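A short worksheet on the structure shown next.
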Amino acid sequence: MKKLMVVLLLASAVPARADVTVESRLTIESVAGTGEGSVLTETQGLRRREDRSLSLAGPFASAQAESVQSSIIRLDRAVLQKLAPSDSSYEETPLAQVLAKTAKTTLPGLDGASTPDVTWTVTSARRTDHATIAGFDATPTVLTLRGKGVQETGQPIELVLTLELWTAAGVPGAAEIRTFDSKYATAVGLAPGMVEESMAAFGVSRAAVRQLTAARAKITGTPVRTVMTVAMPSLNAMMKQLSESMPGAFGGAPQPADGPLLTSTLEVVRVDTTRLPAARFQVPAGFKRRT
Numbered sequence: 005m006k007k008l009m010v011v012l013l014l015a016s017a018v019p020a021r022a023d024v025t026v027e028s029r030l031t032i033e034s035v036a037g038t039g040e041g042s043v044l045t046e047t048q049g050l051r052r053r054e055d056r057s058l059s060l061a062g063p064f065a066s067a068q069a070e071s072v073q074s075s076i077i078r079l080d081r082a083v084l085q086k087l088a089p090s091d092s093s094y095e096e097t098p099l100a101q102v103l104a105k106t107a108k109t110t111l112p113g114l115d116g117a118s119t120p121d122v123t124w125t126v127t128s129a130r131r132t133d134h135a136t137i138a139g140f141d142a143t144p145t146v147l148t149l150r151g152k153g154v155q156e157t158g159q160p161i162e163l164v165l166t167l168e169l170w171t172a173a174g175v176p177g178a179a180e181i182r183t184f185d186s187k188y189a190t191a192v193g194l195a196p197g198m199v200e201e202s203m204a205a206f207g208v209s210r211a212a213v214r215q216l217t218a219a220r221a222k223i224t225g226t227p228v229r230t231v232m233t234v235a236m237p238s239l240n241a242m243m244k245q246l247s248e249s250m251p252g253a254f255g256g257a258p259q260p261a262d263g264p265l266l267t268s269t270l271e272v273v274r275v276d277t278t279r280l281p282a283a284r285f286q287v288p289a290g291f292k293r294r295t
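See below:
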């Protein structure tokens with residue numbers, strides 16, 4: 005009887021696995037236009053669903069100004085399923101092939117047409133200011149990745165990527181989210197925690213990426229606001245010179261200001277650990293798989 009009571013006590017001391025729902029607001033500001041949207045991420049053990057919506061406005065907004073994307077990640081089946089409600093279909097990709105299918109995009113001056121000699125540096129600065137985000141007390145750390153060099157044409161190149169991470173302690177479901185992220189990174193072929201690895205697709209050196217990852221690993225707490233900016237002072241200066249020497253060269257399109265080319269902000273507005281229905285992580289009935 006005593007052994008049974010000990011077993012029951014030990015079992016009751018083990019915290020139940022939490023389902024985690026994180027709702028975030030997404031805003032984008034760039035020289036090409038602006039965007040507003042939302043991101044809903046639901047995690048349940050080895051399963052995750054993400055619903056993302058974005059409305060774009062501006063001179064270079066795509067023909068599809070409104071976009072809605074839904075995807076389901078099944079670590080238990082090692083697949084990524086992208087849903088297309090418009091025609092009741094879905095595409096399924098093995099996780100091991102996700103990186104290979106990711107579109108490769110490069111930043112201006114790092115497009116592969118030339119091989120610029122770029123020196124990269126990474127700095128980290130912890131600020132002391134506070135903000136209440138989604139009910140949590142958050143503090144910021146700023147990571148800056150800077151690349152300077154000269155292209156084969158002799159044109160100087162300077163690129164600055166900044167990550168402003170507002171993190172908070174005591175966010176419900178943080179452990180479950182970190183566990184899923186780590187297992188997903190491993191499943192697609194990345195080292196656990198190397199979220200910045202995607203920056204290598206933009207022409208950033210792997211060595212710089214590793215430095216950025218190491219700097220981010222030292223930050224404690226859960227990100228509740230992430231502000232990413234991309235600035236290219238060398239491109240701004242070049243386009244300014246061209247517009248001054250050749251009025252109308254850009255067809256009247258707005259030219260980059262002295263500030264960032266792009267600023268993307270993802271801010272948490274709600275965290276919930278209510279139990280989620282299993283159907284949220286399944287392809288809806290009637291959807292056909294695209295080949």
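Numbered per this note's numbering, the sequence shown finishes at 295, counting up by one with no gaps. Glycine included, C-beta positions come from ideal geometry on N, C-alpha and C. This structure is a prediction, so every number in the text was calculated from the model and none was measured.
Taking C-beta atoms as the reference points, G62 and T38 count as a pair closer than 8 Å.
In the DSSP assignment, no residue is bridged to I181.
No residue range can be given for V35, since it is assigned to no beta strand (DSSP E) and is classified by DSSP as neither H nor E. One Cα belongs to Y188, the other to G41, and the distance between them is close to 25 Å.
Secondary structure note for Q85: its beta strand (DSSP E) is the uninterrupted segment V83 to A88.
Judged by DSSP secondary structure, T269 falls within the beta strand (DSSP E) whose first and last residues are L266 to D276. Counted as a single uninterrupted DSSP element, the beta strand (DSSP E) harbouring A235 occupies residues T226 to A235.
Secondary structure note for L163: its beta strand (DSSP E) is the uninterrupted segment P160 to A172. Residue pairing of G193 in beta bridges, as defined by DSSP: absent, with no partner found.
Sequence-distant partners of E168 (beyond 5 residues in either direction) whose C-beta falls short of 6 Å from its own C-beta, in its chain, are P144, V146 and V231. Boundaries of the alpha helix (DSSP H) around K105: V102 to K105. Here E156 is exposed: its Cβ has fewer than 16 other Cβ atoms, across all protein chains shown, within 10 Å. The C-beta distance from A104 to I137 rounds to 36 Å, too long to meet the 8 Å contact threshold.
The closest CA to that of R279, considering only G177, D55, H134 and K86, is found on G177.
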